[in-house]
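Here the structure is laid out as structure tokens; the discussion comes afterwards.
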Amino acid sequence: MRSIMKKMFLLSVLLFTSPGLMADEFFDGFSADKINSTVYVIHGPRELPTAANRGFMNNPAFIIADKSVVVVDPGSSHHSGVMVLREIKKITDKPVSHIFNTHVHGDHWLANEIIKQRYPSVEIIADPRMIKKAKAGAAQTWLDNMLTMTEGATKGTKIAYPDTAVSDGKQLKVAGLNFNIHSVGIAHSDTDIMIEYVEGSTFFTGDNVGYLRILRMSDGSFRDVIKALDRAISLKKKHYIPGHGPSGDVKIVQSQREYFNILYTQVEKYYEEGLEDFEMKPMIEKALSEYKDWDGFDEELGKHISLAKLEVEKAEFE
Ligand SMILES: [Zn+2]
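This is the structure we're talking about:
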């Protein structure tokens, strides 16, 4: 009896002294969707980080290779990493050998560390600009912001930086599979890679594409992201996995390209006419009415117009 009491006491100490490491039943509500015979995606909520969604909002993905598993963007926290490992375990006992991180925004990669804890030799791959920016302070800023936005739900999350840098045009063999890296200028952020998984005819766009979700562009360039999406479209892959929102075929990429193209060309036109941001907004809102029900439309549109106007102004001097 005494030993059972002692065990229970120890268990409760363990549970209540490390709240960030407790199992979180919120994550029980998600499971991996099978895209094809080797690719799986856990489609996350299309919201911004909150206490309710624990900061989970992206699309962690994994690819089952011959002897190991390749993960793409495991998510924002310790808990989302645990969920990714749980979903992999349902399908295979193979270890995780590689992780790709599409860009520096913390909702995509702060879960690296829990996977590295489980598989210490895991190789983490990203754009060199991402690694530099993360180490220069962006990682810590994201960790802090995530903790604040989720009211502490991401507590316990630690940083594991990528260790392998890959740039545009790089072809690499990872876990016996072929991957091509695409990175076009500044695009969604100035740290993006898009990942083409050749055998699976699958293309991971990172946040260059959101579907049914309008994404932030405060680190980006509209002109470059359009170029990046032209590249993605030209490759004619069977499956496209966006950074946020449902996966699909090339139409989801075309849809996102259309949004950026309408936005930028309209801003260009009204800028030439001498209009201010707030004066052009009603017309642009109308031109983009097809997107009005996408999550984040109301919050992001005004910001996108201001950012696009700055980019148009800057382009005048090129
Ligand atoms: Zn992003």
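In mature numbering (1 follows the signal peptide of the UniProt record, and there is no 0), the protein residues as written are -23 to -1, 1 to 295. Here a beta-carbon is modelled for each residue, glycine too, at the ideal position from N, C-alpha and C.
Three-state secondary structure (DSSP) of residue i
i     : result
L149  : strand
L(-3) : Any reading at L(-3) must be qualified, since the residue scores a pLDDT of 47, below 50, and its modelled position is unreliable; the value itself is stated next. Three-state result, L(-3): helix.
N155  : strand
D104  : coil
T182  : strand
V99   : coil
P219  : strand
Y268  : helix
R190  : strand
H281  : helix
T27   : coil
A142  : strand
E90   : helix
L252  : coil
I68   : helix
K213  : coil
N78   : coil
Own chain partners of residue i with C-beta closer than 7 Å, once the 5 adjacent residues on each side are dropped
i    : result
R106 : D167, T168
E128 : A28
V202 : A164, H165, N185, F237
D10  : Y17, V18, H20
Which residues DSSP lists as bridging residue i, in chain order
i           : result
residue 372 : Any question about residue 372 goes unanswered here, given that the chain covers just -23 to 295.
V73         : V46
D226        : Answer by DSSP bridge pairing: none, since D226 is not bridged.
I172        : I158, F181
K11         : Y17
Buried versus exposed, by CB contacts within 10 Å (16 or more), residue i
i           : result
S144        : exposed
S(-6)       : With a pLDDT of 44 at S(-6), under the threshold of 50, the predicted position of this residue should be treated as unreliable, though the coordinate-derived value follows. The residue is exposed, with fewer than 16 neighbouring Cβ atoms inside 10 Å.
G187        : buried
D226        : exposed
residue 309 : Nothing can be reported for residue 309, as the shown portion of the chain is limited to -23 through 295.
M260        : exposed
P26         : buried
L287        : exposed
A113        : exposed
K213        : exposed
T69         : exposed
E295        : exposed
R95         : exposed
Neighbourhood of residue i by C-beta distance below 8 Å, restricted to the same chain and skipping five residues each side
i     : result
R208  : H159, V161, M171
L(-3) : In this predicted model, L(-3) has a pLDDT of only 47, less than 50, meaning its place in the structure is not dependable enough to derive any value.
Residues near residue i in its chain [Cβ-Cβ closer than 6 Å; skip 5 each side]
i           : result
residue 310 : With the chain covering -23 to 295 only, the question about residue 310 has no answer from this structure.
L149        : F156
K71         : S45, V46
Closer than 6 Å: residue i CB and nearest ligand 3 heavy atom
i    : result
D169 : Ligand 3 is absent from the structure shown, which contains only ligand 1.
Cutoff 7 Å: residue i Cβ touching any chain D Cβ
i   : result
S45 : Protein chains in the displayed structure number just one, and chain D is not present.
Problem - Validate contact between the segment 89 to 97 and the segment 132 to 141 using beta carbons, cut 8 Å, 3 pairs - result: yes
Problem - the segment 212 to 221 in contact with the segment 35 to 53 per 3-pair CB rule at 8 Å - result: yes
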